Amino acid sequence: MEISRVSRVSSVIAMSKRKDDQKKRKRSVRSNEMEEGQREITAELDSDIFINKTFLLYRCTPFYKFEHIKFTQYGKELHNFITGQMLNRIPLVCDNGEENDFISEGKVVELFISKIKLSNWNGTNGMPIGVEIKFKPKGPAKEQIFHLIFLPSIVSRDFAPENSPFNHYPVILIKAPQRLANIAIEWFETRFDCRICRYRLESSHLKKFVEELANISFTCDDFIQTKPFELTFTIPDISEIKNIKLRISLVDIKRLYNRSKEQSDSQQSGIAERIDEHFFECLRIKLSSLILSKISNHAALVAGEGKLQIFAGLLSPKFTVSLLNQLVMFTR
């Protein structure tokens, strides 16, 4: 009898110990999952994400109930949504003018959402958010990486009430095949009750970018200045000639730049205005009657149809921030 009682007690103790061990393992698993999730949330993409890529520009209304602590959850949801949409095997055709981006079939290998580490960015409304999609086309083609980048408003919460459920990312940069971009856009619109559309830049916006790129060219010596300024103008109401392109050397731009700086504050005009005045004085051509549709130099390319490319020569992050800030400011 005594042996039986001892056996039962030992059995109870062993069972209790097993339960305690199971609870510890579950707590350990949950802890590891939380740590892993936290690592994913706090991980950041680098500012190199902007360099040497042709982005299409989009505008966006405020997100409703978009929470930074749920990046991991959003990433899984978007991954599943894209995978589900692609099961119908609709071809993915890039509309960015780059033939190498054509993808007929494939799968998303990994999808990652995080903040973008961008120094000198005014973080009043948070940092830019990046979505990185690793895509493996069918066959021997190499894995490709695509991006969606959300630029937050730089106005203090856009005067929204405190604790507002809305977060505003007015500008989106997308580097992805058009079909894949459309699927991602559909998910964001449905998930956060927003609307996303193409972002076209006006001629006046491009003239301000001329000033910005001129300042980059002549106030920074972090890169080699080799490529001339290129200004493309669209000619309205003339079917025979669609557009004209002006290539202006950096030496000539520098002269115009210095001439502009020499003027008094009351008379000072920008580089774009100086170019207009110069052509009218010399050739009696009024560039102001044309539509500035694209500008480029060694630092960046900006097109009115809604395209942006920042070249590797733009080494200083503060100038990258300056260009991106301009895009956000133009949406106000």
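If you use numbering that gives the first Met the number 0, the sequence shown corresponds to residues 0 to 331, in order. The beta-carbon is built from N, C-alpha and C at its ideal position, and this holds for glycine as well. Just so you know, these numbers come straight off a predicted model, no measurement behind them.
Chain-order list of residues whose beta-carbon lies under 7 Å from that of residue i (same chain, five-residue window excluded)
i    : result
F111 : G74 and E131
N324 : I153
F321 : This sequence places Ser at residue 321; Phe is not what is there. Closer than 7 Å at the Cβ level, and outside the excluded window around S321, lie E211.
R258 : R273
V209 : I270, A271 and I294
H78  : V107 and L110
Y256 : A213, F217 and I270
F278 : I284 and L286
Closest Cα partner of residue i within the set the options
i    : options                   : result
A311 : A299, P169 and H146       : A299
L147 : T71, K114 and F165        : K114
G303 : P316, I284 and L326       : L326
V301 : L282, S238, K206 and E280 : K206
W186 : I81, E66 and I309         : I81
L365 : L282, D45, V250 and L307  : Outside the shown range of the chain (0 to 331) lies residue 365, about which nothing can therefore be said.
Extent of the continuous alpha helix (DSSP H) run through residue i
i    : result
F329 : Note, F329: premise wrong, no alpha helix (DSSP H); not H, not E.
F232 : It is not in any alpha helix (DSSP H) - F232 instead sits in the beta strand (DSSP E) that spans F228 to T233.
H277 : I270 to L282
R178 : Q177 to F191
K241 : Segment: none, K241 is in no alpha helix (DSSP H) and carries neither H nor E.
L307 : Per DSSP, L307 belongs to no alpha helix (DSSP H); it is in the beta strand (DSSP E), K306 to I309.
Proximal residues to residue i (C-beta, below 6 Å), its chain only, five neighbours per side dropped
i    : result
I215 : A298 and F318
N51  : A311
First through last residue of the beta strand (DSSP E) which encompasses residue i
i    : result
Y57  : T53 to C59
K174 : V170 to K174
H146 : Q143 to L150
F70  : It is not in any beta strand (DSSP E) - F70 instead sits in the alpha helix (DSSP H) that spans F70 to M85.
G129 : I128 to P136
G105 : G105 to K116
C-beta contact flag for residue i and residue j at 7 Å
i    : j    : result
R58  : C196 : yes
N124 : P151 : yes
I128 : F145 : no
I247 : F228 : yes
Y63  : P164 : yes
F329 : L172 : no
Cβ-based neighbour list, residue i, same chain, cut-off 8 Å, excluding 5 preceding and 5 following
i    : result
G305 : L55, L56, Y57, R197, Y198, R199 and L200
contact_flag[the region 192 to 211, the region 280 to 295] where n(CB pairs < 8 Å) is 3 or more: Touching, yes.
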